[in-house]
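A.B. asks: Sharing a structure here in structure tokens format.
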Amino acid sequence: MASLIRCLVSAGPTREYFDPVRFISNPSTGRMGFALARAAAATGWETTLVTGPAGFDDPPETQVFHVESAEEMHRALGLRFSECDVLIMAAAVSDCRPRRRAPGKVKKGDMEMCVELEPTPDILKTLGERRRPDQLLVGFAAETDRLEAEGRRKLMEKRCDVIVANRVGVPGSGFGAADNAVIVLTRSGAPQRMGPAPKDELARQLIACFSTMISKEQRA
Ligand code: CTP
Numbered sequence: 003m004a005s006l007i008r009c010l011v012s013a014g015p016t017r018e019y020f021d022p023v024r025f026i027s028n029p030s031t032g033r034m035g036f037a038l039a040r041a042a043a044a045t046g047w048e049t050t051l052v053t054g055p056a057g058f059d060d061p062p063e064t065q066v067f068h069v070e071s072a073e074e075m076h077r078a079l080g081l082r083f084s085e086c087d088v089l090i091m092a093a094a095v096s097d098c099r100p101r102r103r104a105p106g107k108v109k110k111g112d113m114e115m116c117v118e119l120e121p122t123p124d125i126l127k128t129l130g131e132r133r134r135p136d137q138l139l140v141g142f143a144a145e146t147d148r149l150e151a152e153g154r155r156k157l158m159e160k161r162c163d164v165i166v167a168n169r170v171g172v173p174g175s176g177f178g179a180a181d182n183a184v185i186v187l188t189r190s191g192a193p194q195r196m197g198p199a200p201k202d203e204l205a206r207q208l209i210a211c212f213s214t215m216i217s218k219e220q221r222a
């Protein structure tokens, strides 16, 4: 692995349009992903951020690519994945999208007939299938229940080294909240709880934790 760590971070929601003015999305604001990109750059990593529509200024010392849909995010990450040492997939990618995008505004009476859904590509899983063993793959798991069990399932299914599991759908953590509490799951170690803490602080702790994992990898 090169001595300068190259880190690729994804953040924010994606938008899946079904006509020029309406889309399917989720409440993610990008706060956690942006905090991770800032913390990665501050630690001296060469950082690239691919973000969906988010409400924050571009982090300093970071190359930023703005995308909207899952498809665009997939393409942007796919192009840069082989060059990175660490992928941190903090984006809340929409799981489904309209099968067709109408060229003009759909009238409200016609919506039920026109919005047929299909799954979006699972970006992390696809990248996991072409990963190198020397890369560190970090996924997130946004869960309302069974955090650890669901996080472990995603760890294996998406071929990640780390899953950061966090609770969504409750006030004070998850989408848009200023603070977060997470469980860090790895393939071999014991689960590690972090927070509740402000997302900036949590991001610094997470980057320090990933740094230790990379150092171990380099020694192996
Ligand atoms: N993810 C992805 N592409 C998708 C959906 C999710 O890359 N189409 C990534 C997320 O960025 C996150 C991880 O997969 O790092 C887990 O996302 P999550 O929404 O928790 O789970 P899903 O894979 O969508 O599974 P489920 O709906 O069963 O919870």
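Sequential numbering from 3 applies to the sequence shown in this note's numbering. We treat Cβ as the ideally placed atom computed from N, Cα and C, and that holds for glycine. The structure displayed is predicted, hence computed values, not measured ones.
Which residues in the same chain have their Cβ closer than 6 Å to the Cβ of residue 67, if we skip the five residues on either side of it in sequence?
C.D. replies: Here the set comprises 52 and 78.
A.B. asks: Rounded to whole angstroms, what's the CA-CA distance from residue 206 to residue 38? Just pull it up for me.
C.D. replies: One C-alpha to the other measures close to 7 Å.
A.B. asks: Name the one or two DSSP bridge partners that residue 181 has.
C.D. replies: Its beta-bridge partners are 200.
A.B. asks: Considering only their Cβ atoms, is the gap separating residue 41 from residue 63 smaller than 7 Å?
C.D. replies: No. Outside cutoff.
A.B. asks: Can we count residue 205 as close to the ligand CTP, meaning its CB is less than 6 Å from some heavy atom?
C.D. replies: Incorrect: residue 205 has no Cβ contact closer than 6 Å to the ligand CTP.
A.B. asks: Less than 7 Å separating the beta-carbons of residue 125 and residue 95?
C.D. replies: In contact: residue 125 and residue 95 (Cβ atoms closer than 7 Å).
A.B. asks: Report yes or no: do the stretch 150–163 and the stretch 111–121 share at least 3 C-beta pairs separated by less than 8 Å?
C.D. replies: Touching, no, given that fewer than three Cβ pairs across the two stretches are closer than 8 Å.
A.B. asks: Under the three-state reduction of DSSP, which class applies to residue 162: helix, strand or coil?
C.D. replies: Correct three-state label for residue 162: coil.
A.B. asks: Determine the burial state of residue 7: buried for a count of at least 16 other Cβ atoms within 10 Å of its Cβ, exposed for fewer.
C.D. replies: Buried: at least 16 other Cβ atoms inside 10 Å.
A.B. asks: Tell me the DSSP bridge mates of residue 82?
C.D. replies: None, per the DSSP bridge assignment.
A.B. asks: Once DSSP output is grouped into helix, strand and coil, what is the label at residue 207?
C.D. replies: Three-state result, residue 207: helix.
A.B. asks: Which residue from 118, 26 and 138 puts its Cα closest to that of residue 71?
C.D. replies: Looking at the Cα atoms, 26 is the closest of the given residues.
A.B. asks: Would you kindly check if the distance between the Cβ of residue 80 and the Cβ of residue 1 is under 7 Å?
C.D. replies: The requested residue 1 is not part of the displayed model; the chain covers only 3 to 222.
A.B. asks: How would you label residue 30, buried or exposed, when you count the other beta carbons within 10 angstroms and need 16 or more for buried?
C.D. replies: When all chains shown are included, residue 30 counts as buried.
A.B. asks: According to DSSP, is residue 129 part of a helix, a strand, or is it coil?
C.D. replies: Note: residue 129 maps to helix in three-state DSSP.
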